[in-house]
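Worksheet for the structure shown next.
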Amino acid sequence: MLYDLHLHTALSPCAEDDMTPASVIGLARLAGAGFAAVTDHNSALNLPAAEIAAREYGIRLLPGIEVNSAEEIHLLCYFPSVENALKMGETIYEKLPAVHYDPKIWGAQLVMDENDAVIGRVDKLLTAACSLDIYEVKRLCESLGGLCVPAHAEKDSYSLLSVLGFCPDDLDFPILELADPDKYPALVSRGFLPPGREIISSSDAHNLAAVGSRLRELPETSALLTLP
Ligand SMILES: [Zn+2]
Ligand SMILES: [Zn+2]
Numbered sequence: 000m001l002y003d004l005h006l007h008t009a010l011s012p013c014a015e016d017d018m019t020p021a022s023v024i025g026l027a028r029l030a031g032a033g034f035a036a037v038t039d040h041n042s043a044l045n046l047p048a049a050e051i052a053a054r055e056y057g058i059r060l061l062p063g064i065e066v067n068s069a070e071e072i073h074l075l076c077y078f079p080s081v082e083n084a085l086k087m088g089e090t091i092y093e094k095l096p097a098v099h100y101d102p103k104i105w106g107a108q109l110v111m112d113e114n115d116a117v118i119g120r121v122d123k124l125l126t127a128a129c130s131l132d133i134y135e136v137k138r139l140c141e142s143l144g145g146l147c148v149p150a151h152a153e154k155d156s157y158s159l160l161s162v163l164g165f166c167p168d169d170l171d172f173p174i175l176e177l178a179d180p181d182k183y184p185a186l187v188s189r190g191f192l193p194p195g196r197e198i199i200s201s202s203d204a205h206n207l208a209a210v211g212s213r214l215r216e217l218p219e220t221s222a223l224l225t226l227p
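Counted from 1, the sequence shown has number 167 at position 168 by numbering that gives the first Met the number 0; the numbering is strictly sequential.
Pasting the structure below:
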């Protein structure tokens, strides 16, 4: 099954406003994906619309949030249900700083329904770091039955390796997301990442053209298939 498990919608301030949940899911399906995850920054509020769209388009939805930890490490948190993702989102929102947020500077944060109608806006800046550290984010995600996956782990910003420099032994991530999965063997041999992990790689789309642009095949044994 082809997947794209890192997709933003218009709820993320850095994503284009035409990335409605229904458009993102529909385009992922058109591109050939059978499994898609909507993973907005620090919020799950567009997942209910994405879930309805996924049902209509006949694509399997993996509910997700891309949490920004206190260390400014992006962590993809995947959940067995939209309900659990929303619970995580509520906690993360409480842990975000109440920074004055100007949509003219940062971009709009649109909560939408399945018909592309704007049904709400979010007051706090969603790309800010929450006050939970990487251990706390992982623990909270797992307590809700989820799987926590370091996002674009080898990139030079907002990533496990850019912030910590390596993956500590007491942080056991069974799955890692890499922007370039071909780099995994070299990162293991240089001691930056642990061996034997499942590697995923997705579009991290912030505009419609990028949705489904880098589809990959998910192994049938993937733990992600046991979630939703
Ligand atoms: Zn990210
Ligand atoms: Zn992202």
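Beta carbons: idealized from backbone N, C-alpha and C, even for Gly.
- Distance from the CA atom of G119 to the CA atom of L224, rounded to whole angstroms, is 31 Å.
- A distance of 8 Å or more separates the beta carbons of D169 and A107.
- In chain order, E15 place their CB closer than 6 Å to the CB of N206, counting only its own chain and leaving out the 5 sequence neighbours on each side.
- Set against 7 Å, the gap from the CB of E65 to the closest heavy atom of ligand 2 is smaller.
- In this structure, D179 has its beta carbon at no less than 7 Å from each heavy atom of ligand 2.
- Taking each of T220, S156 and D203 in turn and checking the Cα distance to I64, the smallest one comes out for D203.
- For A21, the enclosing alpha helix (DSSP H) has its first and last residue at P20 to A30.
- Counting only runs of 3 or more residues that sit fully inside the stretch 84-127, the beta strand (DSSP E) segments are 109-111 and 117-120, in chain order.
- In chain order, the residues positioned with their C-beta nearer than 5 Å to some heavy atom of ligand 1 are H73 and A150.
- For L60, the closest C-alpha among the options E71, S201, L75 and P79 is that of P79.
- Taken from the Cβ of D132, every heavy atom of ligand 2 lies 7 Å or farther away.
- In the displayed model, T220 falls within coil according to three-state DSSP, outside both helix and strand.
- At a cut-off of 7 Å, the beta-carbon of D155 does not count as near ligand 2: no heavy atom of the ligand is closer than that.
- Around the beta carbon of C140, 16 or more other beta carbons sit within 10 angstroms, so the residue counts as buried.
- The beta-carbon distance between T8 and M18, rounded to whole angstroms, is 5 Å. This is short enough to meet the 8 Å contact definition.
- In the three-state scheme derived from DSSP, where H, G and I count as helix and E and B as strand, A35 is classed as strand.
- DSSP, read as helix, strand or coil, puts A204 in strand.
- Each of V23, L226, S201 and A208 was checked against the Cα of E216, and the nearest Cα belongs to S201.
- When C-alpha distances from S130 are compared across V117, I91, H99 and G57, the shortest belongs to I91.
- Residue side-chain check: H99 keeps its Cβ at 7 Å or more from all non-hydrogen atoms of ligand 2.
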